[in-house]
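Q: Sending over a structure as structure tokens; questions will come in a sec.
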Amino acid sequence: MSRRRRDAPLPVRDGVGPARLRVRGGRVAAELHARFGDRAAAKVAAGEVVCADGAIVDETTELAAGAVVFLYRDLPEETPVPFALPVLHRDRDLVVVDKPHFLATMPRGRHVTQTALVRLRRSLELPELAPAHRLDRLTAGVLVFTTRREVRGAYQMLFARGRVRKTYLAHSAGTPTRALPTVLRSRIVKRRGHLQAVEEHGEPNAETRVQALGEGRYRLQPITGRTHQLRVHLSSIGVPITGDPLYPEILEVAADDFTTPLQLLARTVEFDDPLSGQRRRFVSERTLAGPTP
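Going by the UniProt record's numbering, the sequence shown opens with residue 1, and the numbers climb by one from there.
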């Protein structure tokens, strides 16, 4: 994550950070009005749009193509996710939670306030809170956040460099086409605009250890962290995860339907703390049965 993105010139407001918008060049107020209508123009008039250096955009401000401005977005209406977000651990540097199914890690698309990040910033009054890693919206379990900007990079790099041991549990009604335990390696690609990730020929970029536990339950240890990796890998050997609306086939599910949670749980997260050297281990208290609204 670049310094420019970390140091937005507008503070977090009610748990939500400002949006970053790249302009096409010319008079900013006219461009925002043309692209987004009267509401954007009103934000300029109210002094709520700023340049990267913090200067307030007014009716006369002109910027070169590719420059960025910051403003608070109009928040979409969202269906509340009716599950609790328990805190498993909190100290000066970290907040670790037991994320429920259906709650996104951080704002993206139509999910903004109904995300773990915004909920926690509001409830814990920690405006600099940031995720050290991510879980899919449909995946439940252990999720680690940093509390302060100055420690954020150390923990994010720990996850990015694969120095964290993660164990997941999953359930499937399928029958494996491979002898287990096994290690699955393939090339997984997730393209913008496509709901599913796909396996393609080429150098493997995804690796998962899979162990059968009996009664349709599996222990998964991802060595890499590709988008939808565990879901793709299990589906590829005939055991798609119970409740998965994307693999092997895309199913239509209403935004307010919380009745069928994906049976995938981030059970444990373990690592050597990059600041203290202490061994950290966090364990989810959830089960694969999923919570009930």
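The beta carbon of each residue, even a glycine, is placed where N, CA and C say it ideally should be. Being a predicted model, the structure only gives us computed values, none of them experimental.
Taking 7 Å as the cut-off, is the CB of residue 108 close to at least one heavy atom of the ligand GTP?
A: The ligand GTP is not part of the structure shown, which contains no ligands of any sort.
Q: I'd like the span of the alpha helix (DSSP H) that includes residue 230, first residue to last.
A: Stepping through the sequence shown from its first residue, residue 230 is reached at position 230. Its alpha helix (DSSP H) spans residues 229-236.
Q: Tell me the residue span of the beta strand (DSSP E) that contains residue 98.
A: Translated into the one-based positions of the sequence shown, residue 98 becomes position 98. Taken as a continuous stretch (DSSP letters only), the beta strand (DSSP E) holding residue 98 covers 94-99.
Q: Run through the DSSP bridge pairs and tell me what residue 90 is partnered with.
A: On the sequence shown, position 90 is the one that residue 90 refers to. Its beta-bridge partners are 95.
Q: Can you tell me whether residue 188 is buried or exposed? The criterion is at least 16 other CB atoms within 10 Å of its CB, across all chains shown.
A: Within the sequence shown, numbered from 1, the residue matching residue 188 stands at position 188. Classification for residue 188: buried.
Q: With the cut-off set at 8 Å, would you say residue 85 and residue 137 are in Cβ contact?
A: Taking the sequence shown and counting its residues from 1, one reaches residue 85 at position 85. Taking the sequence shown and counting its residues from 1, one reaches residue 137 at position 137. No. Outside cutoff.
Q: Pick helix, strand or coil for residue 83, following the three-state DSSP scheme.
A: Sequence index remark: in the sequence shown, residue 83 carries index 83 (1-based). Note: residue 83 maps to coil in three-state DSSP.
Q: Would you report the Cα separation of residue 55 and residue 176, rounded to the nearest angstrom?
A: On the sequence shown, residue 55 is found 55 positions in, with the first residue counted as 1. On the sequence shown, residue 176 is found 176 positions in, with the first residue counted as 1. Whole-angstrom Cα-Cα distance: 59 Å.
Q: In angstroms with no decimal places, state the Cα-to-Cα distance between residue 233 and residue 133.
A: Along the sequence shown, one-based indexing puts residue 233 at 233. Along the sequence shown, one-based indexing puts residue 133 at 133. Cα to Cα, residue 233 sits roughly 20 Å from residue 133.
Q: Below 8 Å between beta carbons: does that hold for residue 129 and residue 121?
A: Indexing the sequence shown from 1 puts residue 129 at position 129. Indexing the sequence shown from 1 puts residue 121 at position 121. Cβ atoms of residue 129 and residue 121: closer than 8 Å.
Q: Under a Cβ-count criterion, where at least 16 other Cβ atoms within 10 Å of its own Cβ denotes burial, should residue 255 be classed as buried or exposed?
A: Working through the sequence shown from its first residue, we reach residue 255 at position 255. Exposed, because fewer than 16 other Cβ atoms sit within 10 Å of the Cβ of residue 255.
Q: State the start and end residues of the unbroken beta strand (DSSP E) segment that holds residue 190.
A: Translated into positions along the sequence shown, residue 190 becomes position 190. Looking at the DSSP string, residue 190 is not in any beta strand (DSSP E), and its letter there is neither H nor E.
Q: Closer than 8 Å is the cut-off here; do at least three beta carbon pairs connect the region 34-46 with the region 150-159?
A: No: fewer than three Cβ pairs fall under 8 Å.
Q: Measuring straight from C-alpha to C-alpha, what distance separates residue 105 and residue 240?
A: Counting from 1 along the sequence shown, the entry for residue 105 is found at position 105. Counting from 1 along the sequence shown, the entry for residue 240 is found at position 240. Looking at the two C-alpha atoms, the distance is approximately 23 Å.
Q: Do the CB positions of residue 95 and residue 147 come within less than 8 Å of each other?
A: The residue labelled residue 95 in the question sits at position 95 within the sequence shown. The residue labelled residue 147 in the question sits at position 147 within the sequence shown. Their beta carbons are under 8 Å apart, which means residue 95 touches residue 147 by this criterion.
Q: Going by Cα to Cα distance, which pick from 274, 257, 269 and 262 is closest to residue 82?
A: Here residue 82 is taken as the residue at index 82 of the sequence shown, counted from 1. The candidate whose alpha carbon is nearest that of residue 82 is 257.
Q: Taking the runs of the beta strand (DSSP E) that are 3 residues or longer, which of them lie wholly in the UniProt domain "Pseudouridine synthase RsuA/RluA-like" (93-236)?
A: DSSP runs (the beta strand (DSSP E)) wholly in the UniProt domain "Pseudouridine synthase RsuA/RluA-like" (93-236): 94-99, 140-146, 165-171, 182-189, 198-200, 206-214 and 217-222.
Q: Quick one, which of 276, 203, 172 and 67 has its alpha-carbon nearest residue 261's?
A: The residue you call residue 261 lines up with position 261 of the sequence shown. With distances taken between Cα atoms, residue 261 lies closest to 172.
Q: Could you say which of 253, 229, 221 and 247 lies nearest to residue 268 if we only look at CA atoms?
A: Here residue 268 refers to the residue found at position 268 when the sequence shown is read from its first residue. Considering only alpha carbons, the answer is 221.
Q: Pick from 271, 194 and 21: whose alpha carbon is nearest that of residue 294?
A: An answer regarding residue 294 cannot be provided, because it is not within the stretch 1 to 293 covered by the chain.
Q: Would residue 231 be called buried (16 or more neighbouring beta carbons within 10 Å of its own) or exposed?
A: By one-based count along the sequence shown, residue 231 stands at place 231. Answer is buried; the Cβ neighbour count reaches 16.
Q: DSSP three-state label for residue 57, please.
A: Here the question's residue 57 lines up with position 57 in the sequence shown. Correct three-state label for residue 57: coil.
Q: With respect to the beta strand (DSSP E) encompassing residue 45, which residues constitute its N-terminal and C-terminal limits?
A: On the sequence shown, residue 45 is found 45 positions in, with the first residue counted as 1. Where residue 45 is concerned, there is no enclosing beta strand (DSSP E), although the alpha helix (DSSP H) it sits in stretches over 38-45.
Q: With a cut-off of 8 Å on the beta carbons, I'd call residue 44 and residue 67 a contact; round off their distance for me.
A: Locating residue 44 in the sequence shown gives position 44, where the first residue counts as 1. Locating residue 67 in the sequence shown gives position 67, where the first residue counts as 1. No, residue 44 and residue 67 are not in contact; Cβ-Cβ is about 15 Å, not under 8 Å.
Q: To the nearest angstrom, how far is the alpha carbon of residue 163 from that of residue 62?
A: Sequence index remark: in the sequence shown, residue 163 carries index 163 (1-based). Sequence index remark: in the sequence shown, residue 62 carries index 62 (1-based). Taking the straight line joining both Cα atoms gives about 45 Å.
Q: Between residue 52 and residue 169, what straight-line distance do the alpha-carbon atoms span, to the nearest angstrom?
A: Within the sequence shown, residue 52 is the residue found at index 52, counting from 1. Within the sequence shown, residue 169 is the residue found at index 169, counting from 1. Near 44 Å, if we compare the C-alpha coordinates of residue 169 and residue 52.
Q: In this structure, what does DSSP give as the bridge partners for residue 69?
A: Residue numbering aside, residue 69 sits at position 69 when the sequence shown is read from its first letter. Answer by DSSP bridge pairing, in chain order: 21 and 51.
Q: Just list the residues that DSSP pairs residue 16 with in beta bridges.
A: Taking the first residue of the sequence shown as position 1, residue 16 is located at position 16. 13, per the DSSP bridge assignment.
Q: Just to confirm the assignment, what range does the beta strand (DSSP E) spanning residue 266 have?
A: Stepping through the sequence shown from its first residue, residue 266 is reached at position 266. It spans 264-272 - the beta strand (DSSP E) in which residue 266 sits, taken as one unbroken run.
Q: Let me check understanding here. Comparing Cα to Cα, which of 209, 109, 92 and 80 lies closest to residue 100?
A: Residue mapping note: residue 100 aligns to position 100 of the sequence shown, counting from 1. Among 209, 109, 92 and 80, the Cα nearest to that of residue 100 belongs to 80.
Q: Report the option in 117, 92, 76 and 42 whose CA atom is closest to the CA atom of residue 15.
A: Locating residue 15 in the sequence shown gives position 15, where the first residue counts as 1. The option with the nearest alpha carbon to residue 15 is 117.
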